[in-house]
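Colleague:
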Amino acid sequence: MLVSVAVGFGLQQKIQQKIALFSGHIEVTSFNGNQSEVSLQPIPSEGKFLDSLLQNKWITHVQKVGKKHGVIRTATDFEGVIFKGVAEDYKWSSFSDYLIQGRIPKFDDDVNEILISESLANRLNFQLESKVVTYFLKDTGKYNIRSFKVVGIYNSGYKDFDKGLVIGSLEHIRRLNKWKKNEVGSLEFFVDDFNDIYYYTTKIYESVPSELDAVSIKNKYAEIFQWLQLFDYNVYGIIGIMVIVASINIITALLVLILERTQLIGMLKSLGSTNSSIRKLFIYQASYIIGKGLFWGNLIGLLLIFGQYYFHFITLNPDTYYVRYAPMYISWDYIVILNIITFILCVLALWLPTLVINKISPVKAIKFQ
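Just so we're aligned: 152 in our numbering is position 152 of the sequence shown, and the numbers increase by one with no gaps anywhere.
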């Protein structure tokens, strides 16, 4: 049960964090953008609405971004990409886990440094310090050509993001789209509790001007989060089955204890012991067995969980699970709660076999010898 919860919730949390890394928890864009993947209409990056929102403690971070379609061309090949322009306020602390080569780009106005994914680098044969020529389509049908230098290569394990996402300075997007200094493509908000994301999305939507929209990543990537919800049913199903198995095992063990001590039960009854006191005696004994089993179960389970957490010996296919290894969610709250629930349910299940004690006659029990 400990391992199933750690893996199920760990996988949910890791994929959620990975999607949030590229899109934030809640994205504020222009209604005229028509939910496009790229930034079609700019929005203001400052104003009374943003100052008011930032007073809420549940907003932990806000970052300014802009996106534009582009085509990377080499001497022998080409690839369509989305250029994501970011500023110095980007949440690089989380991104560093996926940076496999190089460093984070600089954001000076005259610096053309970018990050590309490992899959894109392999397809187009790019390395660190490689020159990347990118074509951006203008409204007139012509192209703007920009040359960038690769200073970092990342691998998030999420193929849909890695296959064509290039990260660079937001200033390039402003220049290409002829935006003002205070205009951006979107604002990405991070909140303190992802479980309340729908509530926070509504609060942000009510606080922004009418021409702006607020969309949570749960709605933007609905298929992925619907798939993640299936893990809840798997975890609850495994816990339910394990509790049933544990209850059946402890009931069987207690019945064996009672049958082996039939003569003792008869003797205790002949000395004046009540059925209730004898039942409690056996329940205490079975509770000791349950406690011993919980001890070894916790020890083995926690060794597996912490071993996987630090050494990652169980690997996964990133094309299917979006991660390279089974992530572990560790919280003492669920560990304690699982132990308490399991212990209580197993002890309650013990009352059923102890009813056999009521039917044991002292005379027949002594004769049974």
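C-beta atoms are modelled at their ideal positions from N, C-alpha and C, and glycine is treated no differently.
With contact counted as at least three CB pairs below 8 Å, one residue from each stretch, are the region 35–49 and the region 201–212 in contact?
Modeller: Verdict: yes, contact present.
Colleague: Taking the alpha carbon of residue 275 as the point to measure from, which residue in 355, 198, 135, 296 has its own alpha carbon closest?
Modeller: The residue with the shortest Cα to Cα distance from residue 275 is 355.
Colleague: Please go through the same chain and pick out, in chain order, the residues whose beta-carbon is closer than 6 Å to the beta-carbon of residue 216, but skip the five residues on each side of it.
Modeller: Correct list, in chain order: 26, 197, 201.
Colleague: Exposed or buried, what is residue 78 when buried is set at 16 or more other beta-carbons lying within 10 Å of its beta-carbon?
Modeller: Looking at its Cβ environment, which holds fewer than 16 other Cβ atoms inside 10 Å, residue 78 is exposed.
Colleague: Just to confirm, are residue 156 and residue 98 a CB contact at a threshold of 8 Å?
Modeller: In contact: residue 156 and residue 98 (Cβ atoms closer than 8 Å).
Colleague: With 16 as the cutoff for other CB atoms within 10 Å, does residue 148 come out buried or exposed?
Modeller: Answer is buried; the Cβ neighbour count reaches 16.
Colleague: For residue 153, decide whether its Cβ has a neighbour in chain B, counting only Cβ atoms nearer than 8 Å.
Modeller: Any reference to chain B falls outside this structure, which holds one protein chain only.
Colleague: Can the beta-carbon of residue 91 be found closer than 8 Å to that of residue 173?
Modeller: Cβ distance not < 8 Å, so residue 91 and residue 173 don't count as in contact.
Colleague: May I ask you to report which of helix, strand or coil DSSP gives residue 6?
Modeller: Residue 6 falls in the helix class under three-state DSSP.
Colleague: Near residue 239, what residues of its chain come up, given a Cβ to Cβ distance below 6 Å and the 5 sequence neighbours on each side ignored?
Modeller: 1, listed in sequence order.
Colleague: Within 10 angstroms of the Cβ of residue 279, are there 16 or more other Cβ atoms? Answer buried if so, exposed if not.
Modeller: Buried, since its Cβ has 16 or more Cβ neighbours within 10 Å.
Colleague: Ignoring anything shorter than 3 residues or poking outside the region 259–338, list the beta strand (DSSP E) runs there in chain order.
Modeller: Runs of the beta strand (DSSP E) inside the region 259–338: none found.
Colleague: Is residue 119 near residue 162, with beta carbons less than 8 Å apart?
Modeller: A contact, by the Cβ cut-off of 8 Å.
Colleague: Would you tell me roughly how many angstroms separate the C-alpha atoms of residue 195 and residue 13, rounded to the nearest one?
Modeller: Straight-line Cα distance between these residues: approximately 11 Å.
Colleague: Bridge partners of residue 115, per DSSP?
Modeller: Answer is 152, 167.
Colleague: Between the Cα of residue 4 and the Cα atoms of 178, 350, 308, 358, which residue gives the shortest distance?
Modeller: With distances taken between Cα atoms, residue 4 lies closest to 308.
Colleague: Just how far apart, CA to CA, sit residue 192 and residue 94?
Modeller: C-alpha separation (whole angstroms): 15 Å.
Colleague: From residue 331 to residue 180, what distance separates their C-alpha atoms?
Modeller: Taking the straight line joining both Cα atoms gives about 46 Å.
Colleague: Just curious, the alpha helix (DSSP H) that residue 206 is in, first and last residue?
Modeller: Taken as a continuous stretch (DSSP letters only), the alpha helix (DSSP H) holding residue 206 covers 197–207.
Colleague: Rounded to whole angstroms, how far is the Cβ of residue 100 from the Cβ of residue 153, which I believe are closer than 8 Å?
Modeller: About 6 Å separates the two Cβ atoms, so the contact holds.
Colleague: Quick check on residue 97: does DSSP put it in helix, strand or coil?
Modeller: Helix, per DSSP.
Colleague: On the criterion of 16 or more Cβ atoms from any shown chain inside 10 Å, does residue 63 qualify as buried, or is it exposed?
Modeller: Classification for residue 63: buried.
Colleague: Note the first and the last residue of the continuous alpha helix (DSSP H) segment covering residue 354.
Modeller: First-last of the alpha helix (DSSP H) with residue 354: 351–354.
Colleague: One question on the structure: do residue 258 and residue 353 come within less than 8 Å of each other, judged by their Cβ atoms?
Modeller: Going by C-beta atoms, residue 258 is nearer than 8 Å to residue 353.
Colleague: Could you give the first and the last residue of the continuous alpha helix (DSSP H) run that contains residue 187?
Modeller: Looking at the DSSP string, residue 187 is not in any alpha helix (DSSP H); the run it does join, the beta strand (DSSP E), is 186–191.
Colleague: Since residue 38 contacts residue 184 with CB under 8 Å, what's their CB separation in whole angstroms?
Modeller: Between residue 184 and residue 38 the Cβ distance is about 13 Å, and since that is not below 8 Å, they are no contact.
Colleague: If you draw a straight line from the C-alpha of residue 273 to the C-alpha of residue 199, how long is it?
Modeller: Near 60 Å, if we compare the C-alpha coordinates of residue 199 and residue 273.
Colleague: Residue 43 bridges to which residues according to DSSP?
Modeller: Answer is 184, bridged to residue 43.
Colleague: Can you grab the Cα-Cα spacing for the pair residue 176 / residue 146, in whole Å?
Modeller: In a straight line, the C-alpha of residue 176 is about 10 Å away from that of residue 146.
Colleague: From residue 30 to residue 335, what does the alpha carbon distance come to, in whole angstroms?
Modeller: Rounded to the nearest angstrom, the two C-alpha atoms are 44 Å apart.
Colleague: Counting only the same chain and skipping the five closest in sequence on each side, list residues whose C-beta sits under 6 Å from that of residue 89.
Modeller: Cβ within range, chain order: 63.
Colleague: State yes or no: is the C-beta of residue 53 within less than 8 Å of the C-beta of residue 224?
Modeller: No.
Colleague: Who are the Cβ neighbours of residue 253 in its own chain at under 8 Å, not counting the five residues just before and after it?
Modeller: The answer, listed in chain order, is 286, 289.
Colleague: Tell me, to the nearest whole angstrom, how far the beta carbon of residue 349 is from that of residue 265; I am working on the premise that it is less than 8 Å.
Modeller: Incorrect: roughly 20 Å between the Cβ atoms, too far for contact.
Colleague: Taking 8 Å as the cut-off, decide whether the C-beta atoms of residue 59 and residue 134 are in contact.
Modeller: Cβ atoms of residue 59 and residue 134: not closer than 8 Å.
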